[in-house]
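Peer 1: This structure is in structure tokens; I'll ask about it shortly.
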Ligand SMILES: *[C@@H]1O[C@H](CO)[C@@H](O)[C@H](O)[C@H]1NC(C)=O
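In UniProt numbering, the protein residues as written are 1 to 415.
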């Protein structure tokens, strides 16, 4: 698992990060509509961290936890002292479940969770909802569904603390028991299912079921629940498609171009997954991109082996950032037939990284190696644009803009 850092898809993972807790402030009572928007600052980056995560304050009194933002799965969960059978070393003290807040087996969220998790999930006892979740990189977590209060910042100094259901994970299989340092305390599941945190917020009339993120190429960025800060113009919208590869967020099938030149590929189904650090293409588009890039490469770049990613090049001098080498590469484009002029440009900084060794590496990976049979648009490709998952209107949107500044000043860079 640790060896395949770059092959991570929607999972918890393994790097030490600095501690930065945001304390919660005074509570403001909230009632029914109009729905609110909650905005969170993000930390992390594509490289070297491999995650974008949010600090979520949970419990009563609230304590901070780092949660990996994952639009590719539904269940939010924390490594949990229930007591813990197998937990990683996590950034904060293990979450302790509040007494009497177990979700019973008969609860509709338990039924929904069990039907979303394909493996034979069932309840050994009616008082609680046991589950086991597996991720595509073969990490897994076993736990019980519980309910506790989440502090959600609603702008200014107002905070709302709804009770939300999530997993208390007491048996994680990632690396050796306890030996592995995880960079986050758990996952923030923002998928399409009813267990998803934003589905629950919608159910309680708190926010609309709209999620947006803005991941910065400088690291950090912001995340929001609700639709107040979705720009009213310039956003490219496409209808959400029924993904054949599960209940993922999919803009449907797109045709891939290299520098506006056709690669002669059939339209490919893609999904958006913030839990995936890199982008994954199936065999044909992957090979087509690699040969197009190699055929177009300047003589100053030489292929080199780098432990970080499978395909890397070095220049005459070590690169400091992808912006040093961007001019040597061209943009890819994904053009979606499901809406007019729906094109996602993928400029070099959305498919390349520069490693600590000063090499430039391709951040589009061969899905075959990760045993994937569909295409994933991961964090690297979603950077420096606001990506909006609108479950109210069942559409997905994107608009380019700077994500590095505070959410407030960034908002003004989106018309
Ligand atoms: C915590 O959540 C419960 C259940 O939704 C709710 O009744 C309670 O008021 C919440 N506590 C606070 C401090 O908001």
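Just so it is clear, CB atoms sit at the ideal spot from N, CA and C, and this is done for glycine as well.
Which residues mark the beginning and the end of the beta strand (DSSP E) in which residue 201 is found?
Peer 2: Counting from 1 along the chain shown, the entry for residue 201 is found at position 201. Residue 201 -> not in any beta strand (DSSP E); alpha helix (DSSP H) instead, spanning 197-203.
Peer 1: Closest by CA to residue 187, which one among 302, 71 and 237?
Peer 2: Against the chain shown, residue 187 aligns to sequence position 187. Nearest C-alpha to residue 187: 71.
Peer 1: With distances taken Cα to Cα, identify the nearest neighbour of residue 216 among 37, 397 and 45.
Peer 2: Locating residue 216 in the chain shown gives position 216, where the first residue counts as 1. Here the closest residue by C-alpha is 45.
Peer 1: Which residues share a DSSP beta bridge with residue 315?
Peer 2: As a first step, residue 315 is located in the chain shown; it is residue number 315 there, counting from the start. None; residue 315 has no bridge partner.
Peer 1: Assuming residue 36 and residue 232 form a contact by the criterion Cβ under 8 angstroms, report the distance between their Cβ atoms to the nearest whole angstrom.
Peer 2: Taking the chain shown and counting its residues from 1, one reaches residue 36 at position 36. Taking the chain shown and counting its residues from 1, one reaches residue 232 at position 232. Their Cβ separation, rounded to whole angstroms, is 18 angstroms, which puts residue 36 and residue 232 out of contact at 8 angstroms.
Peer 1: Return yes when at least one heavy atom of ligand 1 lies under 7 angstroms from the C-beta of residue 161, else no.
Peer 2: As a working note, residue 161 is residue 161 in the chain shown. Answer for residue 161: yes, Cβ within range of ligand 1.
Peer 1: At a cut-off of 7 angstroms, is residue 341 close to ligand 1 when judged by its beta-carbon and the heavy atoms of the ligand?
Peer 2: One-based indexing of the chain shown puts residue 341 at position 341. No - ligand 1 has no heavy atom lying nearer than 7 angstroms to the Cβ of residue 341.
Peer 1: Taking its Cβ as the centre, do 16 or more other Cβ atoms sit within 10 Å of residue 316, making it buried, or is it exposed?
Peer 2: Indexing the chain shown from 1 puts residue 316 at position 316. With fewer than 16 Cβ atoms within 10 Å of its Cβ, residue 316 is classed as exposed.
Peer 1: Could you pull the start and end residues of the alpha helix (DSSP H) that residue 380 belongs to?
Peer 2: Here residue 380 corresponds to residue number 380 of the chain shown, with the count starting at 1. Element bounds for residue 380: 379-382.
Peer 1: Name the DSSP beta bridge partners of residue 88, please?
Peer 2: Within the chain shown, residue 88 is the residue found at index 88, counting from 1. Per DSSP, none; premise fails for residue 88.
Peer 1: Quick one: is residue 385 buried, meaning 16 or more other Cβ sit within 10 Å of its Cβ, or exposed?
Peer 2: Looking up residue 385 in the chain shown gives position 385. So residue 385 counts as buried.
Peer 1: Look at the alpha carbon of residue 377 and the alpha carbon of residue 133, and state the distance between them as a whole number of angstroms.
Peer 2: Against the chain shown, residue 377 aligns to sequence position 377. Against the chain shown, residue 133 aligns to sequence position 133. Whole-angstrom Cα-Cα distance: 22 angstroms.
Peer 1: Using 7 angstroms as the cut-off, classify the Cβ of residue 100 as near or not near the heavy atoms of ligand 2, replying yes or no.
Peer 2: Among the ligands present in this structure, namely ligand 1, ligand 2 is not found.
Peer 1: Compare the Cα-Cα distances from residue 361 to each of 197, 210 and 294 and report the closest residue.
Peer 2: Taking the chain shown and counting its residues from 1, the one referred to as residue 361 is at position 361. Among 197, 210 and 294, the Cα nearest to that of residue 361 belongs to 294.
Peer 1: Measuring CB to CB, does residue 185 end up less than 8 angstroms from residue 66?
Peer 2: Numbered from its first residue, the chain shown carries residue 185 at position 185. Numbered from its first residue, the chain shown carries residue 66 at position 66. Yes, they are a contact pair.
Peer 1: Tell me whether residue 218 sits in a helix, a strand or coil according to DSSP, three-state version.
Peer 2: Taking the first residue of the chain shown as position 1, residue 218 is located at position 218. Three-state DSSP puts residue 218 in coil, outside helix and strand.
Peer 1: Taking 8 angstroms as the threshold (C-beta atoms), are residue 161 and residue 97 in contact?
Peer 2: The sequence position of residue 97 within the chain shown is 97, counting from 1. The sequence position of residue 161 within the chain shown is 161, counting from 1. Not a contact, by the Cβ cut-off of 8 angstroms.
Peer 1: Are there 16 or more other CB atoms within 10 angstroms of the CB of residue 222, so buried, or fewer, so exposed?
Peer 2: Counted from its first residue, the chain shown places residue 222 at position 222. Buried, because 16 or more other Cβ atoms sit within 10 Å of the Cβ of residue 222.
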